[in-house]
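Quick note: the sequence shown uses our numbering, first residue 42, plus one each step. Cβ atoms here follow ideal geometry from the backbone N, Cα and C, with glycine treated the same way. For reference, the structure discussed in these notes is given below.
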Amino acid sequence: MIHTLFETPSAYHPSDIETAAPVPPVQAVLFDFSNTIFQMIGLETWLRRVGTACGRLAALDEPGAVAEISEQLRAAFRLPAVVALQDGRDLSPERHRRAMLGWWERVDFLRGAEEAAYRELTAPDAWAPYPDTEPVLRALRERGLPIAVVSDFAWDLRTHLTHHGLDALVDACVISYEHGREKPDPQLFLKACADLGSDPRATLMVGDNPTRDGGATACGLRTYILPAEPRTGERGLADVLRLVSRDHTSRLR
């Protein structure tokens, strides 16, 4: 085993032969879910669904109502008590529900409507794929690369994949609440690789959070981090295809 002065924290230990050999080509791809391949519906759309369910829709038609609710949401989310509730929220459905309800009860429009708000948060159509999600997943499938989703989520995100007809393009899902672990715990990435039958060193992780998704590097995976920006158009996933193509092309030279 090679030792260096500045050791990199790692959950894997490649052999001397592996560290001297070329990095293996990408043979599988893991994707984060939220803000990588799917996004939640817009705030106003969600609020209107909540308002419809609770008979509060008219309040949203008042001038500046949505902007005011948005500001209250941001302000409440910064409160120490609310911040504390977010810690480990994706480890179980119960913790996530407490975290959301403890946040929303501090927002005038949502107070008393928390249960309806939660139903609308988790509804099958409350999360939608980016325009480039299906084309990229399909292109990877056509190239024979298995695909998994690795996500910090507190309910079964397969519901959203199925609703949009994308479940057949994903071979495995590793979700935090099902394992009692959150990223960057290496066991989540390793579980996904095991489910796909892929070598972590031949697997690419794609996400938008350098701390959580970037933790895959400690397991030997390569990682591609997308910009942390709100998107209404394509997410930039076509770069994944270029990375995979470049990797395979370089091995043929």
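Give a yes or no on whether the C-beta atoms belonging to residue i and residue j are separated by under 8 Å.
i: alanine 180; j: leucine 71; result: no
i: proline 165; j: histidine 201; result: yes
i: methionine 311; j: leucine 267; result: With the chain represented from 42 up to 294, any question about residue 311 goes unanswered, as that position is not in the structure.
i: cysteine 214; j: valine 190; result: yes
i: serine 239; j: alanine 117; result: no
i: leucine 120; j: arginine 147; result: yes
i: serine 217; j: serine 75; result: no
i: isoleucine 188; j: aspartate 212; result: yes
i: aspartate 249; j: aspartate 73; result: yes
i: arginine 182; j: leucine 210; result: yes
i: alanine 243; j: valine 91; result: no
i: threonine 174; j: leucine 278; result: yes
i: alanine 157; j: cysteine 95; result: yes
i: lysine 224; j: glycine 274; result: no
i: valine 285; j: leucine 207; result: no
i: proline 241; j: leucine 229; result: no
i: alanine 154; j: arginine 115; result: no
i: histidine 137; j: alanine 195; result: yes
Locate the beta strand (DSSP E) running through residue i, then write down its first and last residues.
i: serine 192; result: 188-192
i: valine 215; result: 213-216
i: proline 134; result: Segment 134-145 is the alpha helix (DSSP H) holding proline 134; no beta strand (DSSP E) there.
i: valine 70; result: 69-72
i: proline 170; result: 168-170
Terminal residues of the continuous alpha helix (DSSP H) containing residue i?
i: glycine 96; result: Unbroken run through glycine 96: none, as it is neither H nor E.
i: glutamine 80; result: Unbroken run through glutamine 80 is the beta strand (DSSP E), 79-81; no alpha helix (DSSP H).
i: alanine 116; result: 106-118
i: proline 121; result: 121-127
i: leucine 162; result: 155-163
i: glutamate 183; result: 174-183
i: arginine 199; result: 199-204
i: aspartate 57; result: 57-61
Relative to the alpha-carbon of residue i, which residue among the options has its alpha-carbon at the smallest distance?
i: threonine 93; options: Cys260, Leu151, Pro225; result: Leu151
i: arginine 110; options: Thr258, Trp144, Gln80; result: First, the amino acid is wrong: residue 110 is isoleucine here, not arginine. The candidate whose alpha carbon is nearest that of isoleucine 110 is Trp144.
i: glutamine 80; options: Pro170, Arg97, Cys95, Glu112; result: Pro170
i: threonine 77; options: Asp280, Arg97, Asp226; result: Asp280
i: arginine 222; options: Leu142, His205, Arg253; result: Arg253
i: alanine 269; options: Leu237, His204, Pro251; result: Pro251
Would a check of beta-carbon distances place residue i closer than 8 Å to chain D?
i: alanine 158; result: Judged by its chain identifiers, the structure shown contains no chain D, having just a single protein chain.
**Request:** Output the residue ranges of the beta strand (DSSP E) runs that lie fully inside the region 225-288 and measure 3 residues or longer, sorted by chain position.
**Result:** With a minimum length of 3 residues, the continuous beta strand (DSSP E) runs that stay inside the region 225-288 are 244-248, 263-266.
**Asked** Is the region 59-68 in contact with the region 130-139, if contact means three or more CB pairs nearer than 8 Å?
**Response** Short answer: they don't touch.
**Message:** Quick test of the definition: if touching needs 3 or more C-beta pairs under 8 Å, does the region 119-128 touch the region 101-108?
**Reply:** no
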